[in-house]
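**Q**
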Amino acid sequence: MEDLGIKIIGALLTVILAFTVGMTYGGIVRKLTARVQNRRGPVIWQNFLDLLKLQSKKTNIAHGFMGHMAPVWIIISAGTVLMFIPILNGNLWFPNLTFHGDLIFLLYMMVFGSLGMALGAGQTGNPNSAIGVTRGLSQMVGFEIPFVLALVALMVQYKTTSIQDIMDIQAQTGTWMMFANPFAFLAALFASLGMFRYSPFDIVGAPAELASGPVSEFGGKYLGTMMSGGSIFAFIKLTLYVDLFMGGAGFGTGILATIMGLGILLLKTFSLYMVPVFYGWISPRYRTEQAIRYFWGWPTALGVIAVIWAIF
Amino acid sequence: MEKENKILEAIKVAFNVEGHIAREKRVMITANKDIVSSILLFCKNQQGYIHLNHMSVVDRIEDGKFELNYIIWSPTEKVTIMLKTFIDRENAEMENIDSIWDQANTYEREMREMYGIQFPGLIGRQDFALEDWDEMPPMRRDFDTHAYAEKTFYQRPGREDAKDVREELTKQSGEVIPDFAKKYSRE
Amino acid sequence: MTSNNKDKQTIVEYIQNWSRKHSLFVMAYGTGCGAIEIPATMTSRYDAERFGIRGAATPRQADVLLITGYLATKTLKRVIRVYEQMQDPKYVIGFGSCTINGGMYYDSYNTINALDRYIPVDVYINGCMPRPEAVISGFVQLQKQIAEGTANNAAKYKENLEWYRANQKKIIKNWRMPDYNW
Amino acid sequence: MVREKETTLYLGPQHPGITGNMMIKLKVTGDTVVRAETHVGYLHRAFEKLIERRNWLQTFTILCRFCVPEPDPMELTYARAVEELENREVPERAEYIRTIVMELARLQSFMLWYAGQSGSAGLYLTGQWSVGDRNYILDLFEELTGGRIYHMYIWPGGVRRDLPKGWKDKALKTMDYIEKRLDEYNKIMFDNTIFQKRAQGVGIVPKDKAIEWGVVGAPLRGTGIKHDVRIDEPYCAYDKLDFIVPTQEGGDVWARALVRQEEARQSINIIRQALEKMPEGEFYNKVPNPMKWTVPAGEAWTKTESVRGEVGFYVVSDGSNKPRRVHVKGAAYTNGITVLEKILPGQNIADVSFILNSMGVCPPEMER
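These protein sequence lines map, in sequence, to chains A, B, C and D.
Under the numbering used here, the first residue of the first sequence carries the number 1, and numbering increases by one thereafter.
Under the numbering used here, the first residue of the second sequence carries the number 1001, and numbering increases by one thereafter.
Under the numbering used here, the first residue of the third sequence carries the number 2001, and numbering increases by one thereafter.
Under the numbering used here, the first residue of the fourth sequence carries the number 3001, and numbering increases by one thereafter.
(1) Which residues in the same chain have their Cβ closer than 6 angstroms to the Cβ of D/Thr3334, if we skip the five residues on either side of it in sequence?
(2) Going by beta-carbon coordinates alone, are A/Phe218 and C/Arg2131 separated by less than 9 angstroms?
(3) Ordered along the chain, which non-local residues of its own chain (more than five positions away) have a Cβ less than 8 angstroms from that of A/Arg287?
(4) In angstroms with no decimal places, state the Cα-to-Cα distance between B/Gly1116 and D/Val3311.
(5) Rounded to the nearest angstrom, how far is the Cβ of C/Tyr2118 from that of C/Ile2146, given a contact under 8 angstroms?
(6) With DSSP run on the structure shown, which of helix, strand or coil describes D/Ile3024?
(7) Using a Cβ-Cβ cut-off of 6 angstroms (strictly less than) and excluding sequence neighbours within five positions of B/Gly1064, which residues of its own chain qualify?
(8) Report, in whole angstroms, the separation of the C-beta atoms of C/Ala2057 and D/Pro3013, which I expect to be a contact under 8 angstroms.
(9) Beta-carbon within less than 6 angstroms of B/Phe1143's beta-carbon, same chain only, minus the 5 sequence neighbours each way: which residues are those?
(10) Go to D/Thr3304, then tell me how far its beta strand (DSSP E) extends in each direction, as first and last residue.
(11) Tell me the rounded alpha-carbon separation between D/Thr3008 and D/Glu3089.
(12) Inspect the beta-carbon positions of A/Gly220 and A/Pro214 and report whether they are closer than 9 angstroms.
(13) State the Cα-Cα distance for the pair C/Tyr2091 and C/Ala2151, rounded to the nearest angstrom.
(14) Relative to the alpha-carbon of A/Ile178, which residue among A/Gln157, A/Gly280, A/Pro86, A/Gly101 has its alpha-carbon at the smallest distance?
(15) Listed in chain order, which residues of the stretch 3046-3062 of chain D have Cβ atoms closer than 9 angstroms to some Cβ of chain B?
(16) So, does the CB of A/Lys159 fall closer than 9 angstroms to a CB anywhere in chain C?
(17) When burial is assigned at 16 or more other CB atoms within 10 Å of the CB, is A/Ile8 buried or exposed?
(18) Run through DSSP, which three-state label would D/His3015 get?
(19) How would you call A/Tyr241, buried or exposed, if buried means at least 16 neighbouring beta carbons within 10 angstroms?
(20) So the alpha helix (DSSP H) D/Trp3056 belongs to, where does it begin and stop?
(21) Alpha carbons only, please: which of C/Gly2034, C/Val2140, C/Asn2167 is nearest the one belonging to C/Ile2067?
(22) Applying a beta-carbon distance threshold of less than 8 angstroms, which residues of chain C neighbour B/Tyr1148?
(23) From D/Asn3357 to D/Arg3256, what distance separates their C-alpha atoms?
(24) Taking the straight line between their C-alpha atoms, what separation do you get for C/Asn2110 and C/Gly2032?
(25) On the premise that D/Leu3125 lies in contact with D/Ile3188, defined as a C-beta separation below 8 angstroms, what is that separation, rounded to the nearest angstrom?
(26) Short of 9 angstroms Cβ to Cβ, which residues in the stretch 1127-1144 of chain B face chain D?
(27) Would you report the Cα separation of D/Lys3180 and D/Asn3135, rounded to the nearest angstrom?
(28) Taking Cβ positions, are A/Leu149 and A/Ala187 nearer each other than 9 angstroms?
(29) Got a sec: is the Cβ-Cβ distance from D/Glu3089 to anything in chain B below 9 angstroms?
(30) From B/Glu1187 to B/Asp1179, what distance separates their C-alpha atoms?
(31) Using alpha carbons as the reference points, say which of D/Tyr3284, D/Glu3305, D/Gly3319, D/Lys3342 lies closest to D/Asp3162.
(32) Could you pull out every residue in the same chain whose Cβ sits closer than 6 angstroms to the Cβ of A/Pro71, ignoring the five residues on either side in sequence?
(33) Quick one: list the residues of chain A neighbouring D/Trp3129, beta-carbon separation under 9 angstroms, in chain order.
(34) Under a Cβ-count criterion, where at least 16 other Cβ atoms within 10 Å of its own Cβ denotes burial, should D/Gly3201 be classed as buried or exposed?
(35) Helix, strand or coil: which one does DSSP assign to D/Ser3317?
(36) Any residues in the stretch 3294-3317 of chain D with a beta carbon nearer than 7 angstroms to a beta carbon of chain B? Which ones, in chain order?
Right, dumping it as structure tokens:
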């Protein structure tokens, strides 16, 4: 029973951590972007203010059942996926529901939120939303291929489909996966550019083309919920990458060990997060077909090389 | 003035119209409305004046006429021809030239809306800039825009007296304007 | 009068107003020539984002409708539509002299002369055109009103809808718009 | 042939991708535009009607509002038309000051264009930098004329006031700064492979049809046709200055962007030359009392090169103290309506806003 209690508290802690870190990263990116653009920029906790305001807005419109459900789907899938991600290795306070095959499960679940969004946006009847959704799905088809290839390479190389196992192997051998199979890491890194939807892959929102795409009919509480879901998802992706390729973080359950583990996790995730952000600052947006061609070019080739590397 | 003379003579010979050279690179021609499109076609196809620069209307209400202007330009000669014609103000109708230049379509739509000049055969949306307009075509000189605005839109009080702001301010603050500075005031 | 109102706020309202004040999403709708100063206001020298002001692409997400200058009657129809699509609480800033009394367009047959007859206005910024400093000062004024809880013109719009509708319909002859029931 | 399903997509009037307040009704199948219809009139203020009620000098308050991003060419074109009607002489110093003002206006408009062109493609960095730096040019304007955006500085017979003390040095310093910054924008925008991929082969204006369609300005020079009012019919002091009118082959967005990039540089070059060569002397040939000022009857057609292309004013006087008719032909009147409707079909929806920015579509001068 005690174990279950810790697990529930731990799960809550995980959600709070993921939410806070995701939102703060968003705020830091806004601040950094402003600094690069020669501006002072908003405060770092601006995203929290925005969220609070969005949640305090009244909602006078309804776009049918799926319209209501879309943000809920995003937050549910975010919460679910989060439960399967090992945050800190071997730390009791951040338990995860790891099982053999969770890597494959995650591949499916991470798409779940986007699909819910697609259905919701489709129901709003706004043509911009519909076009945004098709673009989003096309782009997903694009970046999922190198991403899956990279994961397959890992699975083949170590003959496991569990994230926990991969983390353990990295801890045992002392070599991060990004060095053990650099091609897989590169393929996954390129895929992450598409995943985070910064330029040049912000084709889904694309204000100048689609007036922000799928979210164009969602305001107030809907938008706020989506924002929180998106922040959690950002944290999930980062942590997953760190777990798979950068050795994860965490030393044990003690207070000092937890704090140190979190510090290392934040350091690693933040440096990883800066890759798409830096790339985004200086890149214009691709057209949809150009984006897909991009993902099916070098990243996919790297993925294939990674698989071959893993087999031999 | 060689090029200007050349084109002026060419048009005069072909169409027997009046014209003069206003200044360097400006040839002005006045023609009857029936031969306007022929002159334009002649200039475009045979003289190289392939660029329609502008089309304009002036409301000559005192004569009961609309004055139509076609301004065309040649990229090789760099000379501008201003072709002028007069049409009746009542039941104003003019030949449609958007088969010669596509962009004339825009000008003609605007003229139809703003002056009520009809162009038979003009295909295009009825509206140009106005929406649900049911008064007289607004650019006609007998349309009083101020009266219409006063009738239609709410007028915030305070601007009908048209006071000199400076005088009012000095009255309030007690500032004295020297005589030499006063002459800029409204007379 | 305003300070009274501030004291009456409950703690929840206070927090809500505080967050609203610091996060203003401005509708990206350049209705008139004032739109030229918006890029300047948003970029480096004046940087409105440090006040939490940023653009929103669609009416559903926006809090502030910035009427940047004169409104042609054709635009007025769209502006009303956009305003009614926005979610409460929403604010309107009238930008430039021409929204106040017509400015230099007082005798034009196609521009309205007083914006607050057609949609409720919270803050007017005068000038033709207002400098970015004036725009920011207008926003700060709006923030002050929001914090005090006095920026509730949207509620007045609903209460006096008939009066506004009558004014609007006087100008927009062909009223083919869906009626929003809030 | 199976007819694909068409969707109607309204680009504007409220849309972040539209350049100003207008609407383009797009018929779309999949991602491709099939038909485009421009709808204007959202900014119709009846300027040409109002001018009939203003006297010759009051008209200037209206003129500069014809096109907001670049008001000075309007003032200059009208002033030149009035001078032509009156045969009024302009002092040489005024001609040079006018040249400087025109080129400053062009330069600040180019910097706005940098923002629009890159921003519509999702590259916000250049835009943030260039619009921020544009303030330095507006500062120059403010010191010179008293206004940031609307100047009403060029009058018939010259300019309203002389250059302030120390303005020349400040202007030269600003030009050095802007020139340095232009390099940086170009590095980010033009050296970027993605931008090149986006811009090349998109929104092509055919060379053989360009003049006939009424294309003017940078879109025309982007097709390889060297047409610029500043060299065809020189005005101000342009015939005494040495500058290049760049052309590019191809007629796509990329060619237009290259043309504009070089033109921004040439603007700096012209300003420097004009500041250097400017003679001393009178700056203003005084007009009579504006309330009683009448202009002899006649008509004038003058053209000026703005960033978007040539701006033409057709001014008719009937000898009274008010203009009979002032008809403006802005560059966007053809570039933004008929030409746009011709080049948009077949393009990707993603490129529509991109093409709009490169054609220099400016709604206020279309519907006035």
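Cβ atoms here follow ideal geometry from the backbone N, Cα and C, with glycine treated the same way.
As the structure is a prediction and not an experimental result, all values here were calculated from the model.
**A** According to the structure data:
(1) Gly3214
(2) no
(3) Ile203
(4) 26 angstroms
(5) Wrong, their Cβ atoms sit about 22 angstroms apart, outside the cutoff.
(6) strand
(7) Arg1089
(8) Contact doesn't hold; Cβ gap of about 14 angstroms is too wide.
(9) Met1136
(10) 3298-3305
(11) 55 angstroms
(12) no
(13) 7 angstroms
(14) Per the sequence presented here, residue 178 of chain A reads as Met, with Ile not at that position. Of the candidates A/Gln157, A/Gly280, A/Pro86, A/Gly101, the one whose C-alpha sits nearest the C-alpha of A/Met178 is A/Gln157.
(15) Ala3046, Glu3048, Lys3049, Leu3050, Glu3052, Arg3053
(16) no
(17) exposed
(18) coil
(19) buried
(20) First-last for D/Trp3056: undefined, no H or E at that position.
(21) C/Gly2034
(22) Tyr2109
(23) 10 angstroms
(24) 13 angstroms
(25) 6 angstroms
(26) Asp1127, Phe1128, Ala1129, Leu1130, Glu1131, Pro1138, Met1139, Arg1141, Phe1143
(27) 15 angstroms
(28) yes
(29) no
(30) Confidence at B/Glu1187 is low in this model, with a pLDDT of 43, below 50, so the placement of that residue should be treated as unreliable; the coordinate-derived value is given next. Cα to Cα, the separation comes out at about 14 angstroms.
(31) D/Tyr3284
(32) Tyr222, Thr225, Met226
(33) Gln37, Asn38
(34) exposed
(35) strand
(36) Trp3301, Gly3312, Tyr3314, Val3316
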